[in-house]
Amino acid sequence: MSIKEKIVVLTGAGISAESGIQTFRDADGLWEKHRIEDVATPEAWRKNPSLVLEFYNARRSQLLQVEPNAAHLALVALEQQFQVTIITQNVDDLHERAGSSHVIHLHGELLKARSTKNEILVYEWRQDIRIGDTCTLGSQLRPHIVWFGEAVPKMEEAIAAMPDADIVIIIGTSMQVYPAAGLVHYASKFSNKFYIDPQAHQTFIPGVESIASKAGNAVPQLVKRLLASK
Numbered sequence: 007m008s009i010k011e012k013i014v015v016l017t018g019a020g021i022s023a024e025s026g027i028q029t030f031r032d033a034d035g036l037w038e039k040h041r042i043e044d045v046a047t048p049e050a051w052r053k054n055p056s057l058v059l060e061f062y063n064a065r066r067s068q069l070l071q072v073e074p075n076a077a078h079l080a081l082v083a084l085e086q087q088f089q090v091t092i093i094t095q096n097v098d099d100l101h102e103r104a105g106s107s108h109v110i111h112l113h114g115e116l117l118k119a120r121s122t123k124n125e126i127l128v129y130e131w132r133q134d135i136r137i138g139d140t141c142t143l144g145s146q147l148r149p150h151i152v153w154f155g156e157a158v159p160k161m162e163e164a165i166a167a168m169p170d171a172d173i174v175i176i177i178g179t180s181m182q183v184y185p186a187a188g189l190v191h192y193a194s195k196f197s198n199k200f201y202i203d204p205q206a207h208q209t210f211i212p213g214v215e216s217i218a219s220k221a222g223n224a225v226p227q228l229v230k231r232l233l234a235s236k
């Protein structure tokens, strides 16, 4: 039995935007309507937890109304011939719903809530989080999201996946949000690297094959190409 080659996929907002998930950085994105400081920082939570909960409750409600798209589904097919790890900056569950079996969420998960007293206490959560919803310790629940200014708990796990990757695929991210954008630098210089994004031609990643296209079109084509090479 041959050992499967390893693929690490780095995904950002662009892959989920095609499912109808609003992004933060586009001209009509969420940040245009909300200040980061008001909804996505520990300070915002301390100042106005009701506003923060309202913001993420709306995001959660939207997520439950959309489905994985062709790019999410195509990545699942890679598991037929490769050992695949997906590292995503997205807080949705579209990779899991599509069927991917190993997903690392750098920035948390929208369909989970966690204790404000003990961050290890994390709960599956599909409804609104309200003031007065508490963990088993009696403390208020908050979104299981990594806010600006907070540590990225899964970063070490993500870094550890990079050096052994034979193939690295970057999809739908500007490669400008750190620390996630720095992950590619942990990949072997001998790995094959692909970057799929409408702005991919602007990349400065050495040795990468840039594919300037939306994920829904380019990912299935790349997957088909990689599977045919086996």
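With my numbering as the guide, the letters of the sequence shown map in order to residues 7 to 236. C-beta atoms are modelled at their ideal positions from N, C-alpha and C, and glycine is treated no differently.
key: Per-residue burial, K123 [other beta carbons within 10 Å of its own, 16 or more giving buried]   = On the sequence shown, residue 123 is found 117 positions in, with the first residue counted as 1. Per the 10 Å Cβ criterion, exposed.
ask   = Can you list, in chain order, the residues of its chain whose CB lies under 8 Å from that of E163, leaving out five sequence neighbours each side?
value = Here the question's residue 163 lines up with position 157 in the sequence shown. So the qualifying residues of the chain are I110.
Alpha-carbon to alpha-carbon, E115 and R132 = If you number the sequence shown from 1, residue 132 lands on position 126. If you number the sequence shown from 1, residue 115 lands on position 109. C-alpha separation (whole angstroms): 11 Å.
inquiry  = Strictly by DSSP, which residues pair up with K199?
reply    = Here residue 199 refers to the residue found at position 193 when the sequence shown is read from its first residue. Answer by DSSP bridge pairing, in chain order: V174 and V214.
inquiry  = Tell me the rounded alpha-carbon separation between V158 and V152.
reply    = Against the sequence shown, residue 158 aligns to sequence position 152. Against the sequence shown, residue 152 aligns to sequence position 146. Computed Cα separation, rounded: 7 Å.
task = Would you mind listing the beta strand (DSSP E) stretches within the stretch 33 to 118 that are 3+ residues and don't spill past its ends, in chain order?
result = 89 to 94 and 109 to 111
query = At which residues does the beta strand (DSSP E) containing P149 begin and terminate?
reply = To locate residue 149, count along the sequence shown from 1; it is residue 143. Looking at the DSSP string, the run of the beta strand (DSSP E) that includes P149 is L147 to I151.
request  = Can you tell me which of A80, Q89 and Q205 puts its alpha carbon nearest to the alpha carbon of R103?
outcome  = One-based indexing of the sequence shown puts residue 103 at position 97. Looking at the Cα atoms, A80 is the closest of the given residues.
ask   = How many angstroms separate the CA atom of I175 from the CA atom of K230?
value = As a first step, residue 175 is located in the sequence shown; it is residue number 169 there, counting from the start. As a first step, residue 230 is located in the sequence shown; it is residue number 224 there, counting from the start. Straight-line Cα distance between these residues: approximately 14 Å.
task = Return no unless some Cβ of chain D is closer than 8 Å to the Cβ of P185.
result = Protein chains in the displayed structure number just one, and chain D is not present.
query = According to DSSP, is S180 helix, strand or coil?
reply = By 1-based counting over the sequence shown, the position of residue 180 is 174. For S180, the three-state secondary structure derived from DSSP is coil.
query = Are V58 and A64 close, meaning C-beta to C-beta below 8 Å?
reply = As a working note, residue 58 is residue 52 in the sequence shown. As a working note, residue 64 is residue 58 in the sequence shown. The answer is no: Cβ separation not under 8 Å.
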